[in-house]
Amino acid sequence: MRRRRTTAGEHGDPAGRQALEVLYAAHADRVLAYLLHRTDRETAQDILSETFVLAWRKSGTVPDDALPWLLASARRLLANRVRSDQRHRALTERLAAMADRTMAVEIGDAVGTRTEVAAALAALSAQDREVLVLSAWYGLTAKQAAVVAGCTATAFAVRLHRARKRFRVALHRAAQAQPVHNAMSHPRFAQRESA
Numbered sequence: 001m002r003r004r005r006t007t008a009g010e011h012g013d014p015a016g017r018q019a020l021e022v023l024y025a026a027h028a029d030r031v032l033a034y035l036l037h038r039t040d041r042e043t044a045q046d047i048l049s050e051t052f053v054l055a056w057r058k059s060g061t062v063p064d065d066a067l068p069w070l071l072a073s074a075r076r077l078l079a080n081r082v083r084s085d086q087r088h089r090a091l092t093e094r095l096a097a098m099a100d101r102t103m104a105v106e107i108g109d110a111v112g113t114r115t116e117v118a119a120a121l122a123a124l125s126a127q128d129r130e131v132l133v134l135s136a137w138y139g140l141t142a143k144q145a146a147v148v149a150g151c152t153a154t155a156f157a158v159r160l161h162r163a164r165k166r167f168r169v170a171l172h173r174a175a176q177a178q179p180v181h182n183a184m185s186h187p188r189f190a191q192r193e194s195a
């Protein structure tokens, strides 16, 4: 049986902690400056923290000349954050675009405006958003999405049904907050809901 290699961050190693403090004191300002040239202050400080957490976890692999390693790690962590933020924005825009399509006026009336959709999505749990994303964004069947979600196709179908219901309720609340466009009161949508 092979033993897992421990890092300085495990078991409260005082020498490892001291080494990290020395590393932080020596390089944190330069890593932060590097990040501030690429992003806003709040994100830069978050990524700086993540960089030194990574250095703590991988203390055995951080070279003696640590600055290039720290900068490369910070660059990768920032790129991951940017990609994640872009995916989130793209998802919100894509779902909101469903409301703005001129070719499907009924969908626009039923779904709501971009602002309402974004507010409704934000009000949902992460699991509900994930279920809706797998179905609407990626266009997966219940069977395919179930593999991703780690459940049966039947369980996924139930989750999707419930997520859609909660989305409609959240969208209704968002529409009530937006007096200009109350999509849920549209006669076509009311007919569909009663069916």
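Numbering (this note's numbering), first residue to last: 1 to 195. Glycine is no exception: its CB is placed at the ideal position from the N, C-alpha and C atoms.
Can you list, in chain order, the residues of its chain whose CB lies under 7 Å from that of L91, leaving out five sequence neighbours each side? V133, W137
If you follow the alpha helix (DSSP H) that L54 is part of, which residue opens it and which one closes it? 41-57
Just checking: is the beta-carbon of D40 within a distance shorter than 8 Å of some beta-carbon in chain B? Reference to chain B is not applicable here, since this structure consists of a single protein chain.
Would you check if the distance between the CB atom of A44 and the CB atom of L54 is smaller than 8 Å? no
Is S78 near R38, with beta carbons less than 8 Å apart? Going by the sequence as given, residue 78 is Leu instead of Ser. A contact, by the Cβ cut-off of 8 Å.
Simplified DSSP assignment, three categories, for P63: coil
Tell whether a beta-carbon distance below 8 Å holds between S59 and A19. In contact: S59 and A19 (Cβ atoms closer than 8 Å).
Same chain, Cβ closer than 8 Å to A170, five either side skipped, listed in chain order: A119, A120, L121, A123, L124
Hey, H116 and A175 are a contact pair by Cβ (cut 8 Å); roughly how many whole angstroms apart? The amino acid occupying residue 116 in the given sequence is Glu; His does not appear at that position. Correct: roughly 5 Å between the Cβ atoms.
Can you list, in chain order, the residues of its chain with a C-beta nearer than 8 Å to that of I47? Leave out the 5 residues immediately preceding and following it. L35, T39, A74, L77, L78, R81
Among residues of its own chain, excluding the 5 on either side of P14, which ones have a beta-carbon nearer than 6 Å to its beta-carbon? none
Helix, strand or coil: how does DSSP classify H186 here? Legend: pLDDT at H186 = 46, less than 50; position of this residue unreliable, no value from coordinates given.
Three-way DSSP call (helix, strand, coil) for Y24 in this model: helix
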